[in-house]
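Numbering (the working numbering), first residue to last: 1 to 218.
Cβ coordinates follow ideal geometry from the N, Cα and C atoms, glycine included.
Bear in mind the structure is a predicted one, so any value in this text is a computation, not a measurement.
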Amino acid sequence: MAELVARGETERGELALLRRGDSLELRVNGVFVMDTAHTETERELATATLRAVGGADLRALIGGLGLGFTLREVLADRRVREAHVVEIEPDLVTWHRDGLVPETAAAIGDDRVRCHVGDVAEVIAAQPPERFDVVLLDVDNGPDFLVYDANSAIYRGEFLARSKEKLVPGGTLAIWSADTSPELKAALHEVFGNCEELAIPVQLGQHETTYHLFLSVR
Ligand SMILES: C[S@@+](CC[C@H](N)C(=O)[O-])C[C@H]1O[C@@H](n2cnc3c(N)ncnc32)[C@H](O)[C@@H]1O
Numbered sequence: 001m002a003e004l005v006a007r008g009e010t011e012r013g014e015l016a017l018l019r020r021g022d023s024l025e026l027r028v029n030g031v032f033v034m035d036t037a038h039t040e041t042e043r044e045l046a047t048a049t050l051r052a053v054g055g056a057d058l059r060a061l062i063g064g065l066g067l068g069f070t071l072r073e074v075l076a077d078r079r080v081r082e083a084h085v086v087e088i089e090p091d092l093v094t095w096h097r098d099g100l101v102p103e104t105a106a107a108i109g110d111d112r113v114r115c116h117v118g119d120v121a122e123v124i125a126a127q128p129p130e131r132f133d134v135v136l137l138d139v140d141n142g143p144d145f146l147v148y149d150a151n152s153a154i155y156r157g158e159f160l161a162r163s164k165e166k167l168v169p170g171g172t173l174a175i176w177s178a179d180t181s182p183e184l185k186a187a188l189h190e191v192f193g194n195c196e197e198l199a200i201p202v203q204l205g206q207h208e209t210t211y212h213l214f215l216s217v218r
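Structure, rendered in structure tokens:
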């Protein structure tokens with residue numbers, strides 16, 4: 001049985017934060033987005049990408065905020081000087097600021113965080129070239145399980161090429177997906193000339209599955 005912690009309504013529909021046992025769950029229009037019980041791959045999105053990037057004074061962009069685990073992990077890397085987080089749902093940012101997600105509550109207040117409320121596609125387009133060392137995208141359950149239909153463009157060549165322009169040479173774009181995606185892999189190959197897919201086994205209670213990260217280096 002789930003208990004409602006917070007609820008918001010936007011032009012895109014309903015956003016809900018629920019407590020189920022010891023964990024919190026985020027739902028959009030009734031669809032499960034993520035919970036705090038299984039966050040290995042959200043964290044791995046940050047660590048696997050930053051591990052491959054050299055240098056100091058790193059600048060990262062994270063889309064979206066979700067329950068804050070990718071952001072928290074980015075901030076744990078002391079080489080990160082600026083972490084830009086982009087979240088389309090203003091209520092979710094407020095819930096973080098109000099401490100409703102205790103495990104990651106400190107992240108949003110870190111003085112290295114620049115919070116953008118808006119669509120990650122628009123925020124990335126507005127950035128100057130060669131701005132980021134890493135761009136980490138986790139805005140859907142993957143290209144085939146969109147949270148919002150308009151996000152489909154995020155997995156296509158035009159947006160991927162725009163994201164590449166915003167990376168420094170040697171910088172990495174990484175995308176989280178609940179499933180493998182030959183189409184996304186091909187699109188990343190087309191734009192970057194390379195794409196590494198990490199398939200990460202995850203235990204969801206009794207059920208085992210595999211989540212995927214796609215990494216491309218400029
Ligand atoms: C799966 S969650 C992100 C999980 C996050 N990696 C974490 O560690 O908690 C997806 C988030 O992306 C946001 N989102 C969806 N579409 C977006 C868009 N176009 N621009 C920015 N944020 C978006 C959703 O509101 C949601 O908060």
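Using a Cβ-based criterion (distance less than 7 Å to any ligand heavy atom), does residue i qualify as near ligand 1?
i    : result
T70  : yes
G64  : yes
Y148 : yes
N29  : no
D77  : no
L67  : yes
A121 : yes
E11  : no
If you draw a straight line from the alpha carbon of residue i to that of residue j, how long is it in whole angstroms?
i    : j    : result
G63  : V139 : 6 Å
A83  : I108 : 10 Å
A121 : P102 : 29 Å
W95  : P182 : 36 Å
V217 : Q206 : 36 Å
V31  : V147 : 8 Å
A150 : V117 : 16 Å
V197 : A126 : The question names Val, yet the displayed sequence has Glu at residue 197. Cα to Cα, E197 sits roughly 28 Å from A126.
H38  : F192 : 30 Å
V135 : G170 : 12 Å
Alpha carbons only, please: which of the options is nearest the one belonging to residue i?
i    : options                  : result
N29  : E40, T36 and A16         : A16
L188 : A46, D144, F214 and L198 : F214
V85  : V147, R59, R79 and F32   : R59
V80  : T180, D144, G55 and D35  : G55
For residue i, does the three-state DSSP call read helix, strand or coil?
i    : result
R162 : helix
R51  : helix
A76  : helix
A83  : strand
G171 : strand
P201 : strand
L65  : coil
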